[in-house]
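Trainee: What follows is a single structure, and I will ask about it in a moment.
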Amino acid sequence: MPFLKSDLAISTMWNYRKANSGRELIEQLKALGFSRVELNYQVRKEWLSDIESCVQSGEIVITSVHNVFPKVDDERFGTDSVLLGYEDEHLRKKAVEYACRSVDWAVRFGAGAVVFHPTEVPLSPKDFDIPLKNLIKAHKTESEEYKRLQKEMLNLRKAEPFLQRTLKSIGEIADYVVKNGFPVKLGMENRAMCHQAPIYSEFDLIMEEFEGGPVGIWLDTGHGIMMEEMGLQKLPLSKIAERNIVGMHIHDAIDGLDHYAPCSLDGDVLRPFKKYIDVCPIRVLELSGRLSAQEIMDGTDKFVNEYGG
Numbered sequence: 000m001p002f003l004k005s006d007l008a009i010s011t012m013w014n015y016r017k018a019n020s021g022r023e024l025i026e027q028l029k030a031l032g033f034s035r036v037e038l039n040y041q042v043r044k045e046w047l048s049d050i051e052s053c054v055q056s057g058e059i060v061i062t063s064v065h066n067v068f069p070k071v072d073d074e075r076f077g078t079d080s081v082l083l084g085y086e087d088e089h090l091r092k093k094a095v096e097y098a099c100r101s102v103d104w105a106v107r108f109g110a111g112a113v114v115f116h117p118t119e120v121p122l123s124p125k126d127f128d129i130p131l132k133n134l135i136k137a138h139k140t141e142s143e144e145y146k147r148l149q150k151e152m153l154n155l156r157k158a159e160p161f162l163q164r165t166l167k168s169i170g171e172i173a174d175y176v177v178k179n180g181f182p183v184k185l186g187m188e189n190r191a192m193c194h195q196a197p198i199y200s201e202f203d204l205i206m207e208e209f210e211g212g213p214v215g216i217w218l219d220t221g222h223g224i225m226m227e228e229m230g231l232q233k234l235p236l237s238k239i240a241e242r243n244i245v246g247m248h249i250h251d252a253i254d255g256l257d258h259y260a261p262c263s264l265d266g267d268v269l270r271p272f273k274k275y276i277d278v279c280p281i282r283v284l285e286l287s288g289r290l291s292a293q294e295i296m297d298g299t300d301k302f303v304n305e306y307g308g
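Numbered according to numbering that gives the first Met the number 0, the sequence shown spans residues 0 to 308.
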C-alpha cells in the first residue's frame, strides 16, 4: 500500500522529555512535519487538555495511544512489568482497569488502536538481557560465554503461565471494547527483552484465542531485530499473525540497540519487514530522544522514498 510522509505517525517517545506542556509536545512534532501522532505511556495527565484542543482544532490526528495511558508512577504497572500476566489477582485486575482507561482515552481522541506490552517472565535474580546484548554488541555470539548464557535463559524462560493469565486479561479488555461498541483495536506488541512476551511464536497463541475480535498484533521492527539477534525468533510471521497486524512501530536496530531513525543504518535492516509495512494500517515511527530533529527528518524522507512507493 503506497504511503506518503503525511500517512506516517510519530510517537511522543521522541520528545516527552523535551516538552513542558501538551501544546509544546505537539508543536515539536509538527515542526518535524508530522500531523499524525501516537501518544506514548509517558504523556502526563496534565497535558491532555492541551492535546485534546489540538485534536479538536484539526491540527493533529491521534492514531494510537500506548498503554498504560496517561502516565502512572507505579512501577508495578510500567511497560516493563508483568502487567496483564500477574498471578496476584488484585494486581492483574488493576492492570486490566488501567488498560480500559487507556481504551477510554483512545476513544476520546479518536485513535484507532491501543498498543500493549502484555507481560514478561521474571528471570530474577539474574539478568540475561543486558549481558547477552553486550555480547551481541561485541560480536561474540559464537563465544562459549554467549552460548552458555543463551541456553540458561531459554531453559528458564517458562512463559506459559504468564501468557495464560495474560490471555484472560486480554479477554476482559476485549469484552469491554465490544460491550461498548468502541471502534478501537488492541495491539499486542512483540517485546524488546528476552524475558518479555510475546515473541513471534507467542503471537500465534494470542490470535488463535482472539482472531475475529478487536485484538490484533502490533509489530515492532526494532524489537523484532533485537530478538532475532538473540536467537529467540525469526521472520516470517505465521499466517495468522500476518493477517492480524493492526499497527507497527518502525525503527532501525542493530547490536542490541533500537529506536534509530528508519533507513539510517547500513544493511537496510527494515527490508525483511517490507511486506508487513506494505499492508499495515497504522505506521508509527517510534524514535529515541537521542536523535536530532534532522536525523529524524532525513531518515523519514529516505524511508518514504524507499518504502512508500
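Cβ coordinates follow ideal geometry from the N, Cα and C atoms, glycine included.
How long is the line joining the alpha carbons of C99 and D251, rounded to whole angstroms?
Mentor: Position 100 of the sequence shown, counting from 1, holds the residue named residue 99. Position 252 of the sequence shown, counting from 1, holds the residue named residue 251. For C99 and D251, the distance between alpha carbons rounds to 31 Å.
Trainee: State the Cα-Cα distance for the pair L269 and S291, rounded to the nearest angstrom.
Mentor: The sequence position of residue 269 within the sequence shown is 270, counting from 1. The sequence position of residue 291 within the sequence shown is 292, counting from 1. If you take the alpha carbons of L269 and S291, they lie about 20 Å apart.
Trainee: Is it right to say N154 is buried, meaning 16 or more other beta carbons lie within 10 angstroms of its own, or is it exposed?
Mentor: Counted from its first residue, the sequence shown places residue 154 at position 155. With fewer than 16 Cβ atoms within 10 Å of its Cβ, N154 is classed as exposed.
Trainee: For the alpha helix (DSSP H) that T62 lies in, which residues bound it at each end?
Mentor: In the sequence shown, the residue the question calls residue 62 occupies position 63. Segment 60-65 is the beta strand (DSSP E) holding T62; no alpha helix (DSSP H) there.
Trainee: Since A252 sits in a beta bridge, which residues does DSSP pair it with?
Mentor: Here residue 252 refers to the residue found at position 253 of the sequence shown. None; A252 has no bridge partner.
Trainee: Does DSSP put Y97 in a helix, in a strand, or in coil?
Mentor: Taking the sequence shown and counting its residues from 1, the one referred to as residue 97 is at position 98. The answer is helix: DSSP assigns Y97 an H, G or I state.
Trainee: With a 10 Å radius around its C-beta and 16 neighbouring C-beta atoms as the bar for buried, classify I129 as buried or exposed.
Mentor: What you label residue 129 is simply residue 130 of the sequence shown in a count that begins at 1. I129 is exposed by the Cβ-count criterion.
Trainee: Which of the three DSSP states, helix, strand or coil, is assigned to W104?
Mentor: Your numbering for residue 104 matches position 105 in the sequence shown. W104: helix per DSSP, three-state reduction.
Trainee: First and last residue of the beta strand (DSSP E) that includes G215?
Mentor: On the sequence shown, residue 215 is found 216 positions in, with the first residue counted as 1. Counting along the chain, the unbroken beta strand (DSSP E) around G215 starts and ends at 214-219.
Trainee: Leaving out five residues before and five after K184 in sequence, what residues of the same chain have Cβ atoms less than 6 Å from its Cβ?
Mentor: Within the sequence shown, residue 184 is the residue found at index 185, counting from 1. Result list for K184: A112, P213, G215, V245, in chain order.
Trainee: Opposite Q195 in the DSSP bridges: which residues?
Mentor: Along the sequence shown, read from residue 1 onward, the residue named residue 195 stands at position 196. Beta-bridge annotation (DSSP): Q195 is paired with E119.
Trainee: Would you call the stretch 270-281 and the stretch 228-247 in contact, with 3 or more CB pairs under 8 Å?
Mentor: Because the criterion of three Cβ pairs below 8 Å is met, the stretch 270-281 and the stretch 228-247 touch.
Trainee: Measure how close the beta-carbons of T11 and E37 come, nearest whole angstrom, since I'm counting them as under 8 Å.
Mentor: Here residue 11 is taken as the residue at index 12 of the sequence shown, counted from 1. Here residue 37 is taken as the residue at index 38 of the sequence shown, counted from 1. The Cβ separation is near 7 Å, so the contact holds.
Trainee: Considering only the alpha carbon of each residue, which of M296, S237, Q163, G255 lies closest to S263?
Mentor: If you number the sequence shown from 1, residue 263 lands on position 264. Closest option to S263, Cα to Cα, is M296.
Trainee: Which residue wins for smallest C-alpha separation from N14, given the options G298, G308, S287?
Mentor: For this step, residue 14 is matched to residue 15 along the sequence shown. Per the Cα distances, S287.
Trainee: Of all the options L204, P261, L122, which has the alpha carbon lying nearest to the alpha carbon of L236?
Mentor: Within the sequence shown, the letter at position 237 stands for residue 236. Ranking L204, P261, L122 by Cα distance to L236 puts L204 first.
Trainee: Would you list the one or two residues that DSSP bridges to Y259?
Mentor: Counting from 1 along the sequence shown, the entry for residue 259 is found at position 260. Paired residue(s): D251.
Trainee: If you follow the beta strand (DSSP E) that R282 is in, where does it begin and where does it stop?
Mentor: As a working mapping, residue 282 is identified with position 283 in the sequence shown. Looking at the DSSP string, the run of the beta strand (DSSP E) that includes R282 is 282-284.
Trainee: Out of curiosity, what's the CA-to-CA distance linking A191 and H222?
Mentor: Here residue 191 corresponds to residue number 192 of the sequence shown, with the count starting at 1. Here residue 222 corresponds to residue number 223 of the sequence shown, with the count starting at 1. The C-alpha of H222 is placed about 4 Å away from the C-alpha of A191.
Trainee: Residues in its own chain within less than 7 Å of R75 by CB, not counting five upstream and five downstream?
Mentor: Sequence index remark: in the sequence shown, residue 75 carries index 76 (1-based). For R75, where only same-chain residues beyond five positions count, the Cβ hits under 7 Å are L90.
Trainee: Pick out whichever of C53, K4, K17, S20 has its Cα sitting closest to the Cα of F33.
Mentor: Taking the first residue of the sequence shown as 1, we reach residue 33 at position 34. F33 has its Cα closest to that of K4, out of C53, K4, K17, S20.
Trainee: Considering only C-alpha positions, which residue in the set R22, L162, Q27 is nearest to E86?
Mentor: Here the question's residue 86 lines up with position 87 in the sequence shown. When C-alpha distances from E86 are compared across R22, L162, Q27, the shortest belongs to L162.
Trainee: Where G180 and G170 are concerned, what is the direct C-alpha to C-alpha distance, given to the nearest angstrom?
Mentor: Taking the sequence shown and counting its residues from 1, one reaches residue 180 at position 181. Taking the sequence shown and counting its residues from 1, one reaches residue 170 at position 171. Between G180 and G170, the C-alpha separation is close to 15 Å.
Trainee: Under a Cβ-count criterion, where at least 16 other Cβ atoms within 10 Å of its own Cβ denotes burial, should H138 be classed as buried or exposed?
Mentor: In the sequence shown, residue 138 corresponds to position 139, counting from 1. A residue is called buried once 16 or more other Cβ atoms fall within 10 Å of its Cβ, and H138, having fewer, is exposed.
Trainee: Kindly indicate which residue of C53, F2, Q41, L83 has the alpha-carbon position closest to the one of E26.
Mentor: In the sequence shown, counting from the first residue as 1, residue 26 sits at position 27. Nearest C-alpha to E26: C53.
Trainee: To the nearest angstrom, how far is the alpha carbon of P200 from that of D265?
Mentor: Start at 1 with the first residue of the sequence shown, and residue 200 comes out as number 201. Start at 1 with the first residue of the sequence shown, and residue 265 comes out as number 266. At residue 200 the sequence reads Ser, which differs from the Pro that was named. In a straight line, the C-alpha of S200 is about 28 Å away from that of D265.
Trainee: Suppose you measure from the CA of P121 to the CA of V81; what does that come to, to the nearest Å?
Mentor: The count along the sequence shown starts at 1 and reaches residue 121 at position 122. The count along the sequence shown starts at 1 and reaches residue 81 at position 82. Between P121 and V81, the C-alpha separation is close to 8 Å.
Trainee: Can you tell me the Cα-Cα spacing of A94 and M229, whole angstroms?
Mentor: In the sequence shown, the residue the question calls residue 94 occupies position 95. In the sequence shown, the residue the question calls residue 229 occupies position 230. The straight-line gap from Cα to Cα measures roughly 29 Å.
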